[in-house]
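Numbering (my numbering), first residue to last: 301 to 394.
Shown next, in the form of structure tokens:
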């Protein structure tokens, strides 16, 4: 499941996750601002508790980090190919 959010909301989500991960232990009650609580409610589905919403956010954050890593690798490969084009053979030339 992927949650589509805009950049500003993504930053807020990442900040919320970081705060939660820093202070949260099993069964710990955490205090959050009304604004963040309302944002969490918007992200959740009917019947979701905060733990379920946080799990969704963590999955989304991990997916986001994975996509960034893949994009970084692709950019490095593209740059390497451009710099060393002469070392590669076209499939058409085989």
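The beta carbon of each residue, even a glycine, is placed where N, CA and C say it ideally should be.
Keep in mind that this is a model prediction, so the values were computed, not measured.
Out of the options, which has the shortest C-alpha to C-alpha gap to residue i?
| i | options | result |
| --- | --- | --- |
| residue 311 | 365, 328 and 334 | 365 |
| residue 332 | 315, 348 and 363 | 315 |
| residue 329 | 341, 313 and 350 | 350 |
To the nearest angstrom, report how far apart residue i and residue j are at their CA atoms.
| i | j | result |
| --- | --- | --- |
| residue 344 | residue 368 | 24 Å |
| residue 374 | residue 384 | 15 Å |
| residue 353 | residue 308 | 18 Å |
| residue 320 | residue 338 | 15 Å |
| residue 381 | residue 387 | 9 Å |
| residue 392 | residue 371 | 27 Å |
| residue 342 | residue 377 | 39 Å |
Hey, quick one: how far does the alpha helix (DSSP H) through residue i stretch, first residue to last?
| i | result |
| --- | --- |
| residue 330 | Segment: none, residue 330 is in no alpha helix (DSSP H) and carries neither H nor E. |
| residue 375 | 350-383 |
Assuming residue i and residue j form a contact by the criterion Cβ under 8 Å, report the distance between their Cβ atoms to the nearest whole angstrom.
| i | j | result |
| --- | --- | --- |
| residue 358 | residue 318 | The Cβ separation is near 11 Å, so there is no contact. |
To which residues of the same chain is residue i closer than 8 Å at the C-beta, ignoring the five residues directly before and after it?
| i | result |
| --- | --- |
| residue 301 | Here the model assigns residue 301 a pLDDT of 48, short of 50, so the residue's position is not dependable, and the following value carries that caveat. Around residue 301: 356 and 359. |
Please list, in chain order, all residues of the same chain as residue i whose beta carbon is under 6 Å from its beta carbon, the five residues on each side excluded.
| i | result |
| --- | --- |
| residue 313 | 357 |
| residue 336 | 316 |
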